[in-house]
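Residue numbers (the numbering used here): 65 to 852. The next block holds one structure in the form of structure tokens; read it before the comments.
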Amino acid sequence: MGEAELSSLALWGIVASAALAWIVLGLSALWRAGRLTDRANGLQELTHFLDSMIRSDRRHPIWLWADGRIQADMGSLALVGLGDSASHVDELAADGGVIPHDIVSALKKDMKNGTDGTSPYVIYQGKDRPRLILDVQPLPTNDDRWPASVLWVEEVRDRPQRGYRQGVRALELRLEDLSRAFNSLPFPVWVRGPDFSLLEVNSAYVDAVDGENVFDVVERGVELFDRGSLSSVRKARESGMRVRERRFGVIDGQRRAFTVINTPIDEAGNILGVAVDVTGEEEALSELSRVLESQSETLNRLRSPVAIFGPGQTLRFYNSAFARLSHLSEDLLSSEIRHGELLDAMRELRRLPEQIDFLQWKKNVLRHYTTLLEPYEEMWHLPDGTAHRVVTQPHPLGGLLILFEDVTDRLALERSYNTLIAVQQETLDHMRESIAVFGSDGRLQLSNPALKDLWQLDDELLEGKPHLSMLAIDIPLDEARPGYQDEEDIRARLPAWVSDRKHRSGRWYRKDGLVIDYALVPLPDGGVMLTQSDVTDSFKVEQALRERSNALEAADRLKSEFITNMSYELRTPLNSIIGFAEMLDQKIFGELNAHQADYVKNILSASDDLKVLIADVLDLAVLDAGEAQLELEDADVKSELADAATLAADIARKVDITLNMDECDDVGSIMADRRRLKQIFYNMVSSMLNFARYGGTLSVKLEGGDGDVKVTIFNPDSGLTVRERDRLVATVAMGASPGGRRATGLDLALVRSIVGLHKGSIALDAYGVEGLALSLYPAACAGRPCHS
């Protein structure tokens with residue numbers, strides 16, 4: 065082969081080698097380009113994946129560079145109160161931002177040191193607004209082109225809404241809050257595992273068992289109660305429901321009562337236990353039990369029926385008064401009978417008020433268990449005529465408390481009172497006297513129509529209950545009367561008199577001539593009653609009687625003076641007649657024939673009688689004038705009576721009347737005027753002789769003793785008819801002087817006057833069929849001095 069061919073072959077070989085190398089290099093370049101493209105696509109996909117992960121997180125990132133630059137999207141900047149133009153970390157603390165300056169300073173310090181410092185930071189934005197959690201996370205880069213750290217911003221709500229998800233930091237903070245609340249509970253709380261061992265306890269549990277800390281208590285498994293409490297834990301796990309029990313434990317050296325609640329919290333068998341100190345409640349329940357026992361004892365002693373029904377409408381308590389009211393047996397009442405059944409039983413015994421629709425009434429009663437809030441009062445009128453006030457009220461422990469009050473007597477008394485008030489009002493309205501009752505405040509409370517007419521008032525004024533001072537102004541006084549000035553004070557003084565509450569009375573005169581008597585009477589209730597009477601007619605009669613009395617007194621004085629003068633004028637010629645008659649009787653001027661002697665004796669007898677009458681008239685005139693004086697001394701009553709009877713015997717013999725002194729006892733002596741006492745006895749016999757028949761008998765009886773003396777003269781045959789005798793007795797009882805045979809009646813009048821001086825009395829009474837008895841009681845002065 066030639067050299068040229070070899071050269072050509074060598075050239076082609078080089079070309080082929082170069083082409084092959086070029087192809088290999090091209091293929092290698094294409095392979096590397098494909099790998100770079102795949103890597104770029106992978107990085108792009110990773111970028112999109114990381115971006116989607118960041119967006120799916122509840123936190124919002126703010127990228128921080130070491131030189132203070134920041135970069136974030138609009139949403140993240142808006143959370144911290146910045147606009148989309150913010151580019152430096154100092155702007156986080158600018159006006160309008162929500163991050164405080166101290167937190168921004170701490171962030172810059174963390175960026176400088178490349179650590180997360182004290183993050184996370186919590187920013188409170190106010191009530192009803194979410195909190196912001198700022199968490200700084202350093203990034204592993206030394207290139208200034210990339211962020212040195214990232215600031216995560218998260219919104220957290222205290223009460224997350226449904227579907228709301230929180231980040232890890234928020235959950236960590238919430239866990240811290242729950243742990244803080246768990247440990248701040250004032251009562252022990254613990255969690256047990258499936259093997260009944262303690263998994264978690266709070267600070268109150270640690271304090272209760274005197275432990276050092278939570279870990280120490282859990283590690284040693286220190287129990288608050290004995291192992292018997294695990295039975296309720298086992299029961300709660302088996303039933304899957306809350307179990308409550310009462311346990312006692314020693315806390316700080318004191319035995320305390322606890323209510324222990326075991327609650328399953330998950331399907332793994334963990335149990336939450338809570339122990340609430342109820343020692344005070346236990347003591348309160350004991351005290352309540354004692355109070356209820358005391359209350360039951362007190363209610364049982366009440367006369368008013370009481371019934372207490374529990375929340376289940378069963379009778380829990382009743383007293384003996386309720387048993388008497390219901391007429392039910394003790395066995396039935398003690399069987400916790402239901403309220404409805406009790407009403408049915410009482411209805412059968414007719415111990416309930418009659419009802420048109422009993423079932424509806426019963427439903428209304430039982431409805432009180434669910435609807436009654438305030439005490440409900442009603443009246444029960446039972447078929448036996450009794451009435452009861454029934455008060456139904458909710459019981460503090462549930463159920464109803466029913467109180468009964470027998471108001472039968474009160475209603476009867478109220479009816480009687482209302483009837484009495486109506487009768488009194490009707491009586492007042494028809495009384496002629498004016499009645500007005502004023503209260504303690506001086507206002508008119510009650511009046512009758514006579515007040516309106518007397519004071520000339522209108523109905524409108526009276527209905528307003530006016531004050532007495534207003535009414536007193538309109539009293540129509542007689543201003544023309546001489547004593548008007550004194551009466552005018554009534555208008556001003558009447559209100560003050562009512563306030564004084566003293567008895568007062570008086571008289572006022574109206575301008576129309578009426579005369580009114582008034583009286584103020586204090587009442588027990590603090591009021592005053594003013595009564596007024598029209599006494600015009602009696603006033604006029606009184607005036608007439610007073611004028612007549614004055615005239616009679618003047619006439620009596622004239623009569624006394626006339627009788628006195630005439631008595632003295634008559635005594636002088638009478639003495640002359642008696643003297644000449646005695647001279648003739650003694651036959652000084654010669655003898656008289658029989659007829660002349662009889663005439664002279666008649667003249668002497670008549671003169672003696674006239675002399676006695678004149679003496680009696682003079683004595684009576686002296687006594688009536690009040691000029692008689694008594695000479696008091698010890699006077700033997702029987703002796704003086706005997707002397708007077710001896711003097712009266714001559715008169716009795718003239719009319720053939722016997723004077724009997726057989727019944728005169730010795731009664732001793734009394735203080736009296738002996739001469740006047742003898743005059744009294746003599747005139748008593750003389751008076752009774754006027755009413756005795758000829759040939760009759762007068763009996764004198766003296767009785768008594770120790771100063772209590774009574775002298776009685778009996779005339780069994782007066783010669784008067786029954787009518788005449790009764791008229792005579794009535795006349796003497798009225799103080800008049802009766803007439804008789806002597807027609808003057810001076811004897812009895814003189815006796816009454818002298819006995820009056822001795823403070824004694826006389827009485828004329830009927831005796832037997834036709835007789836009379838004249839009695840003397842001089843004992844008023846017995847044993848003591850009498851004064852005229």
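Positions of the beta carbon are idealized from the N, C-alpha and C atoms, including for glycine. Remember, it's a predicted structure, so these values are computed and weren't measured experimentally.
Contact between R568 and L584 holds, with the beta-carbon distance rounding to 4 Å and staying under 8 Å.
Judged by DSSP in its simplified three-state form, A409 adopts helix. For E727, no alpha helix (DSSP H) segment is defined; the enclosing uninterrupted segment is the beta strand (DSSP E) at T722 to C728. Per DSSP, the continuous beta strand (DSSP E) segment holding W572 begins and ends at R568 to Y573. CA-to-CA, the gap between T327 and A385 works out to about 49 Å. When C-alpha distances from Y831 are compared across I818, S825 and T776, the shortest belongs to T776.
In the three-state scheme derived from DSSP, where H, G and I count as helix and E and B as strand, N657 is classed as coil.
Per DSSP, P369 lies in no alpha helix (DSSP H) and is assigned neither H nor E.
Along the stretch 117-159, the alpha helix (DSSP H) occurs as fully enclosed runs of 4 or more residues at 138-143, listed in sequence order. The C-beta of K176 has fewer than 16 other C-beta atoms within 10 Å across all chains shown, which makes the residue exposed. Rounded to whole angstroms, the separation of the alpha carbons of R195 and E219 is 6 Å.
Within the DSSP secondary-structure output, W444 pairs in a beta bridge with H452. Distance from S368 to L467 at the Cβ level is roughly 6 Å; contact confirmed, criterion being Cβ atoms closer than 8 Å. Per DSSP, F745 is one residue of the alpha helix (DSSP H) stretching across R738 to L753.
Looking at L792, F603 and W561, the one whose alpha-carbon comes closest to that of V579 is F603.
By the 16-neighbour rule on beta-carbons within 10 angstroms, E697 is exposed.
According to the DSSP assignment, P513 belongs to no beta strand (DSSP E) but to the alpha helix (DSSP H) extending over P513 to W519. Within 10 angstroms of the beta-carbon of K742 lie 16 or more other beta-carbons, which makes it buried. Within the DSSP bridge table, the entry for N326 names V307 and G337 as partners. With a cut-off of 8 Å on Cβ pairs, the stretch 809-828 is not in contact with the stretch 713-732, counting fewer than three such pairs. Taking each of R431, Y433 and P417 in turn and checking the Cα distance to A451, the smallest one comes out for P417.
Here S267 is not near V282, since their CB atoms are 9 Å or more apart. Between I325 and V307, the gap from beta carbon to beta carbon is short of 9 Å.
Taking a cut-off of 8 Å on C-beta distances, the stretch 755-763 touches the stretch 712-728, as three or more cross pairs fall below it. Taking the C-beta atoms as reference points, H432 is found no nearer than 9 Å to I372. If you ignore the 5 residues before and after G506, its C-beta comes within less than 8 Å of the C-beta of H531, L532, S533, P559, V562 and S563, all in its own chain and listed in chain order.
Looking at the DSSP output, N779 shares a beta bridge with L836. Taken through DSSP and simplified to helix, strand or coil, M534 comes out as helix. Counting along the chain, M593 sits inside the beta strand (DSSP E) bounded by residues V592 to D598. DSSP places G313 within a strand segment (E or B) once states are collapsed to three. Judged by their CB atoms, T595 and I499 are nearer to each other than the 9 Å cut-off. Contact check for I667 against M748 fails: the beta carbons are separated by 9 Å or more. Under DSSP, the beta-bridge partners assigned to W216 are P125 and D199. Using a 10 angstroms sphere on the CB of M752, the tally of other CB atoms reaches 16 or more, which defines it as buried. Secondary structure of W76 (DSSP, three-state): helix. Rounded to whole angstroms, the separation of the alpha carbons of S390 and M410 is 6 Å.
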